[in-house]
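For the numbering used here, count along the sequence shown from 1 and bump the result up by 115. This report concerns only the one structure given below.
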Amino acid sequence: MKYLSTGGGHETDLVGAIMQGLAPDGRLYVPEALPHFDPAAIEADSIPEIATILLEPFFANSALAPVLGEICRDALNFPIPLRSLDARDGPVAVLELFHGPTAAFKDVGARFLAASMERALPGLDAGDSRPLTILVATSGDTGGAVAAAFHGRAGFRVGVLFPKGQVSPRQQHQLTCWGDNVRSFEVDGSFDDCQALVKGAFGDPTISSAHRLGAANSINVGRLLPQVVYHAAASLWYWRAHDVTVNFIVPTGNLGNAMACIWARALGMPIGEIILATNANRTIPEFLATGDWQPRPSIPTLASAMDVGDPSNMERLRHLYPALTDLRERIEAYPVDDDAIREQIARDYERYGDIWCPHTATAFRAYDELPAASRR
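So, in structure tokens, the structure goes:
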């Protein structure tokens, strides 16, 4: 499997895509083709087993192919249950992605990426003994997950950039508690400013070479591939239990989680509609409504990990669906402001007995606004 820049000017193999993060032209890597699977032929049930099957084509002919199963078992070693809820207006289930070490869904991608990079590092520039510097921007969850995943791993050092005053106290503690090979930097700006600094460093050959940079945001395709797996697994479990395709509502900010769900559907998984739930940063919903792509400075919200005004993964989405008409046929998007988030958390505590985080609340708000036919 080759990986191509969305700009069309560069290609590499899996190890190159993972270790570089960004292509030399500053664009994102995507697989040259998406394989297709027959869901009925997949007998595996556990996340590591499903991951090994689905990701085999993406690892084919790479130095990591022989250790794919080992990577999946080591990185995806915590529960990811699909829990059914008793909904009055139709069946609904929630995929619990908070059972990893930092209680964030980013643990899946961060641990998989760290395990992959650790195994690829010995074969990379054997004469260069410098550590690989993992540079990452975070709006909350990513930085803590990446720090936990790479902490204590020989051959790596981690730099985390986070926006001042825009992460929760718990998140800031997760970002700054590590020491050792992890350093975090508070940036007087927004997440988009942090992300621009990271992209700028990768886009500067002198800086990138001098510091031997590697990326761990969802700009790195190695973060997205394992996220494909839990969307695929959830759809398989639901399909086996109910004999229907399942619609997904995905909370999203930088479009990484959304892109993973879209790729899972493209692989042939039994996924129907895909609805994106954003917070008050409305760049994505407005683009689908008007066709006018207008990145803007992000605004702080209760769902802070989704505070993104210029989503990087839009490059991958437009690469897969260049025509706006095709894109509109395949996804929808709902913006949810802070007042609606508060209202939804209270409403669903009465309805389900659960207290959602603000990000999950955006998805349930979108669910409540869907036509009845889409609530399955």
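Don't be surprised by glycine CBs; every beta carbon is placed ideally from N, CA and C.
Query                                                                                                                                       : Result
Counting only runs of 3+ residues fully inside the segment 425-491, write out the beta strand (DSSP E) ranges in chain order.               : 446-450
With a Cβ-Cβ cutoff of 8 Å, do L197 and L210 count as a contact?                                                                            : yes
Taking Cβ positions, are A159 and A235 nearer each other than 8 Å?                                                                          : no
State the Cα-Cα distance for the pair M384 and L276, rounded to the nearest angstrom.                                                       : 35 Å
Taking the Cβ atom as the reference point for each residue, do T107 and A395 lie within a distance shorter than 8 Å?                        : The question about residue 107 has no answer, for the chain in this structure spans 116 to 491.
Using three-state DSSP, classify A175 as helix, strand or coil.                                                                             : coil
Distance check for R380 and A347, CA to CA, integer angstroms please.                                                                       : 8 Å
DSSP beta-bridge partners for P366?                                                                                                         : A392
Going by DSSP in three states, T253 sits in which element: helix, strand or coil?                                                           : coil
For I322 and N362, which I take to be in contact (beta-carbon distance under 8 Å), what is that distance rounded to the nearest angstrom?   : The Cβ separation is near 43 Å, so there is no contact.
Pairing CB atoms from the segment 434-441 with CB atoms from the segment 342-360, are three or more of them under 8 Å?                      : no
Cβ of T291 within 8 Å of Cβ of S283?                                                                                                        : no
Where are the beta strand (DSSP E) runs, 3 residues long or more, that stay fully inside the segment 297-360, in chain order?               : 297-302, 328-330
Using the beta-carbon count (16 or more within 10 Å), is Q409 buried or exposed?                                                            : exposed
Nearest by alpha-carbon distance to V302: which of H326, P450, A269, G280 is it?                                                            : G280
How big is the Cα-Cα spacing for C472 and S244?                                                                                             : 42 Å
Distance, Cα to Cα, R188 vs T405?                                                                                                           : 44 Å
What does DSSP give as the partner residues of E185 in its beta bridges?                                                                    : Looking at the DSSP assignment, E185 forms no beta bridge with any residue, so it has no partner.
So, using beta-carbon positions, are A252 and C309 closer together than 8 Å?                                                                : yes
Going by CA-CA distance only, name the one from A420, I165, E147 that's closest to A155.                                                    : I165
Excluding the 5 residues flanking A225 on each side, which residues of the same chain have their C-beta closer than 6 Å to its C-beta?      : A260, V261, A264
How big is the Cα-Cα spacing for L170 and L119?                                                                                             : 17 Å
Give the C-beta separation of S305 and S413 to the nearest angstrom, bearing in mind that I take them to be a contact with Cβ-Cβ under 8 Å. : 5 Å
Pop quiz: L382 and F152 are said to be a contact at Cβ under 8 Å. What is the actual Cβ separation, rounded to whole angstroms?             : 5 Å
Quick test of your reading: P400 and A448, contact by CB under 8 Å. State the CB separation rounded to the nearest angstrom.                : 4 Å
Taking the beta carbon of A148 as the centre, do at least 16 other beta carbons fall within 10 Å, making it buried, or is it exposed?       : exposed
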